[in-house]
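Top to bottom, those sequences are chains A, B, C and D.
Take this note's numbering: the last position of the first sequence gets the number 580, and nothing is skipped along the way.
Take this note's numbering: the last position of the second sequence gets the number 580, and nothing is skipped along the way.
Take this note's numbering: the last position of the third sequence gets the number 580, and nothing is skipped along the way.
Take this note's numbering: the last position of the fourth sequence gets the number 580, and nothing is skipped along the way.
There are 4 protein chains.
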Amino acid sequence: MARHKTIDQLQIFTATEELILESGYAGFHFKSLSEKLGVARSTIYNYYTNKEELVTDFMLHMLQQVVTKMDTVHEHEEPIRAMMGLWAKYANMHQMLQIMPYIDRKASPKVEQNAKRMFIMLEELRNKIEGVVKEEQRKGNIRQDVQLGTLVSIIMSTVQVPVANRSEDEWTNDVFNVLMQGLKA
Amino acid sequence: MARHKTIDQLQIFTATEELILESGYAGFHFKSLSEKLGVARSTIYNYYTNKEELVTDFMLHMLQQVVTKMDTVHEHEEPIRAMMGLWAKYANMHQMLQIMPYIDRKASPKVEQNAKRMFIMLEELRNKIEGVVKEEQRKGNIRQDVQLGTLVSIIMSTVQVPVANRSEDEWTNDVFNVLMQGLKA
Amino acid sequence: MARHKTIDQLQIFTATEELILESGYAGFHFKSLSEKLGVARSTIYNYYTNKEELVTDFMLHMLQQVVTKMDTVHEHEEPIRAMMGLWAKYANMHQMLQIMPYIDRKASPKVEQNAKRMFIMLEELRNKIEGVVKEEQRKGNIRQDVQLGTLVSIIMSTVQVPVANRSEDEWTNDVFNVLMQGLKA
Amino acid sequence: MARHKTIDQLQIFTATEELILESGYAGFHFKSLSEKLGVARSTIYNYYTNKEELVTDFMLHMLQQVVTKMDTVHEHEEPIRAMMGLWAKYANMHQMLQIMPYIDRKASPKVEQNAKRMFIMLEELRNKIEGVVKEEQRKGNIRQDVQLGTLVSIIMSTVQVPVANRSEDEWTNDVFNVLMQGLKA
DNA sequence: CATGAATGAGGCTTCATTCAT
DNA sequence: GATGAATGAAGCCTCATTCAT
């Protein structure tokens, strides 16, 4: 009985991701977003009451996907390699999470809540990775002479290695290999 | 009755670094900068004609320091470890360089020039790291079965591993060790 | 499954009154009105083509009631006291009329017309009060040494005396008494 | 050493008063204010960080004046009449105080503080009036058979009686006279 | 040089109103 | 009639930058 929607949440999320990747959080405005979506700026306010809510909702949504997929990692024969595969896919997400510190959490209670939930999910993600590493240590596959936290951080840091011009698989293979075997000849 | 506080470039750089580390580029304003320096906002314009020039000049200055220090790395017995040591010190710098994409290069010709010079210096940095890795490969210390670029990227990615509550030396030891020997038990 | 709630003009008026008394004209929006009514904002446009029409129609409606009741005042033995009784009841209305100056009369021809009619009715109200006062003067009950206009204004100003925690009757008694006898001991 | 000021606080206050009296709080914007002052809108933000701070500062300033002047009322032979004289002058102020309920006190801590201080000053004002009335009661000049609060409210309500086309003195005389002697012949 | 004043551009947000179903 | 979607106008505010002293 009302007009047909011209945009939906998915389109908003997609455009948001593109914009943030193009120009970072500082370059992310409802103005550019609305232009990208081809609607009026105020239209977006019918969906999100402010910038921060949109961005945090979006990031929560992404994070949820990775955390969920992390649960399937256990089932693989080489869980660390499976994790690296996930990594390659979510390089963008990682880049986007970097904007968190610059988000004004006081913008609205919902933003604050979203921020808290994200923090919890990131902890959860790290815990899952730790779990995987521990399990591999138990199986004797991973060294135990270095602090667990350091190992996890090193694994996580590889998300920065650019996939560049190779396929995700090649990237995963190489990085996993170097990560496991080390640089030495 | 010195009502007019005077400043110099070094003070500006120091305050700039602090501000960017505190709140990122989005939180870096001439307003807060002038407050930190205890001068009028307009005073800064006697030194820099715009925000972008200041920031890029500052980053160029920092980058120069690391690149210079990279030259001493060759002299160490274990150049990769020496590099990691540099890394631990320049974690902040790396964090700061991440803001580059968000800087409007068209702000002034000088900014554009600075940006170009930074790009060149970053290339140079990468080349130096590549040089170190190649030399180590030549000595038989580093594997050759993986693309050089990937190896360099992995080395560079470790700058993300947080130093956290350990000393720089401990960090260097651990990360270098895992990097060389791999995760495997 | 009546998904579409229907409304009528009376409900609109009631909700309007409540809202204006709660938060004044500045706080009166179709948004809050529709929420109070439990309908879509756009639904109200089936009844009123704009905010100003609604508000002026409503005030006209209220004003009409007082003016009509004023006609019964003559029948009382003490018409001034009867008027004060009316006053106590219409304190709210008075408060509401105060928003008139802030209404944009050019919003639509109907609004302009409503505003004019309200102005006329307010004149009429004042005339009626003047009539009552004159009649009382003729009967020798009210002093004649002060301009009629001033006396009327003073009577009308008492609408500002808050009823507070007393009954309307007590209020009427006290105010009428002081008004007639004066403050002096 | 800096440019000359083109506006000062007094001018801002004057323009504010004019605007609010012309079009009420709803019609009071920094836009219209800046136009009236002949400066850019943002210039006003160099003086007041938001609308509410300006308005409350201004009202506090006005209120302070009346409260101060109230202290001189005791010295007059007929303090009530002196008070009425003050009243005639501050009719505008009273009108302006009516906007208080529509001001968003959460706009900034300063606004909240201002609002509190205004509330206290209004209490103080009322107390002073009560003091005057009591003293007059003690001297046997004012009746005691009606609640003190009601008497005070009636006195205060006269601020609504328009001065219209008469001089302040005539107004004061008439209103004081009717207030004291009552309407009756 | 340093300053404080003024400014304009740009971004945020709300709300009355229109539109299509 | 009632609805939800979309919109534009209008107001808010911040900040880099320019200007005059």
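Note that beta-carbon positions come from the ideal geometry of N, C-alpha and C, so glycine has one too.
The model shown is predicted, which means the values in this text are computed figures rather than measured ones.
Specify the secondary structure class of Ile537/B as computed by DSSP and reduced to three states. strand
Short check: CB of Gln406/A to CB of Leu428/A, under 8 Å? no
Which residues, in order along the stretch 426-447 of chain D, keep a beta-carbon less than 8 Å from a beta-carbon of chain C? none
Measure how close the beta-carbons of Leu543/C and Gln490/C come, nearest whole angstrom, since I'm counting them as under 8 Å. That pair is no contact at about 26 Å.
Out of curiosity, what's the CA-to-CA distance linking Glu430/A and Thr409/D? 43 Å
Coil, strand or helix - Lys579/B by DSSP: strand
Would you say Asn572/C reaches chain D, if we count a Cβ-Cβ gap shorter than 8 Å as a contact? Yes, Asn572/C lies at the interface with chain D (some Cβ there is under 8 Å from its Cβ).
Hey, how far is the Cα of Ile537/B from the Cα of Asp403/A? 52 Å
Does the Cβ-Cβ distance between Met488/A and Val450/A come in under 8 Å? no
Using DSSP with H/G/I as helix, E/B as strand and the rest coil, what is Phe423/C? coil
For Lys529/C, go through chain D and note every residue whose CB falls closer than 9 Å to its CB, in chain order. Within chain D, no residue has its beta carbon less than 9 Å from that of Lys529/C; the closest one is some 13 Å off.
Neighbourhood of Gln539/B by C-beta, 8 Å cutoff - its chain only, sequence neighbours within 5 removed: Gln532
Opening and closing residue of the alpha helix (DSSP H) in which Asn547/D lies: At residue 547/D the sequence reads Val, which differs from the Asn that was named. Taken as a continuous stretch (DSSP letters only), the alpha helix (DSSP H) holding Val547/D covers Leu543 to Ser552.
Would Thr553/C and Ser503/C be called neighbours here (beta carbons separated by less than 8 Å)? Not a contact, by the Cβ cut-off of 8 Å.
Excluding five sequence neighbours on each side, which residues of the same chain lie with their C-beta closer than 6 Å to the C-beta of Met465/C? Lys523
Which residues of chain C have a Cβ atom closer than 9 Å to the Cβ of Tyr497/D, listed in chain order? At a C-beta separation below 9 Å, Tyr497/D has these neighbours in chain C: Ser418, Gly419, Tyr420, Ala421 and Gly422.
Suppose you measure from the CA of Asn568/D to the CA of Leu520/D; what does that come to, to the nearest Å? 22 Å
Cα separation between His456/B and Leu492/B? 12 Å
Where does Ser391/A land, buried or exposed, given buried means 16+ other C-beta within 10 angstroms? With chain A running from 396 to 580 in the structure shown, residue 391/A is simply not present.
I'd like the list of long-range same chain contacts for Ile549/B, defined as Cβ closer than 8 Å, with 5 residues on each side in sequence excluded. Leu574
For chain B, is any of its Cβ atoms less than 8 Å away from the one on Gly480/A? Not an interface residue.
Determine the extent of the alpha helix (DSSP H) in which Asn441/A is found, giving its start and end residues. It is not in any alpha helix (DSSP H) - Asn441/A carries neither H nor E in the DSSP assignment.
From Gln576/B to Val541/A, what does the alpha carbon distance come to, in whole angstroms? 12 Å
Nearest by alpha-carbon distance to Ile515/B: which of Leu458/B, Ser418/B and Asn560/B is it? Checking every option, the nearest Cα to that of Ile515/B belongs to Leu458/B.
Taking only beta-carbon atoms, is Thr401/B less than 8 Å away from chain A? no
Helix, strand or coil, according to DSSP, for Lys400/C in the structure here? coil
Let me see if you follow: with CB-CB separation under 8 Å, is Leu487/C close to chain D or not? Just to set this straight, residue 487/C is Asn in the shown sequence, not Leu. No, Asn487/C does not count as interfacial toward chain D.
Within the continuous alpha helix (DSSP H) that includes Lys484/B, where are the two ends? Pro474 to Lys484
So, for Val506/D: in the same chain, excluding its five sequence neighbours on each side, which residues have a beta-carbon less than 8 Å away from its beta-carbon? Sequence-distant Cβ neighbours of Val506/D in its own chain, meaning closer than 8 Å and more than five residues away, are Asn445, Glu447, Glu448, Thr451, Ile498, Asp499 and Arg500.
Considering only the beta carbon of each residue, do Val434/D and Met478/D sit closer than 8 Å? no
Can you check whether the CB of Gly419/D is closer than 8 Å to the CB of Ala580/C? Judged by beta-carbon spacing, Gly419/D lies beyond the 8 Å limit of Ala580/C, meaning their Cβ atoms are not closer than that value.
Are the C-beta atoms of Lys484/A and some chain B residue less than 8 Å apart? The Cβ of Lys484/A sits no closer than 8 Å to any Cβ of chain B.
Give the residues of chain C in contact with Ala580/D, contact being defined as C-beta atoms less than 8 Å apart. Gln532, Gly535, Asn536, Ile537, Arg538 and Gln539
Within 8 Å, strictly: CB atoms of Leu414/D and Leu578/C: No, these two residues do not count as a Cβ contact at 8 Å.
Cβ-based neighbour list, Ile494/B, same chain, cut-off 6 Å, excluding 5 preceding and 5 following: Excluding five sequence positions before and after Ile494/B, the CB atoms of its chain that fall closer than 6 Å to its own CB belong to Tyr420, given in chain order.
If we call anything under 8 Å between Cβ atoms a contact, is Glu563/A one with Lys484/A? yes
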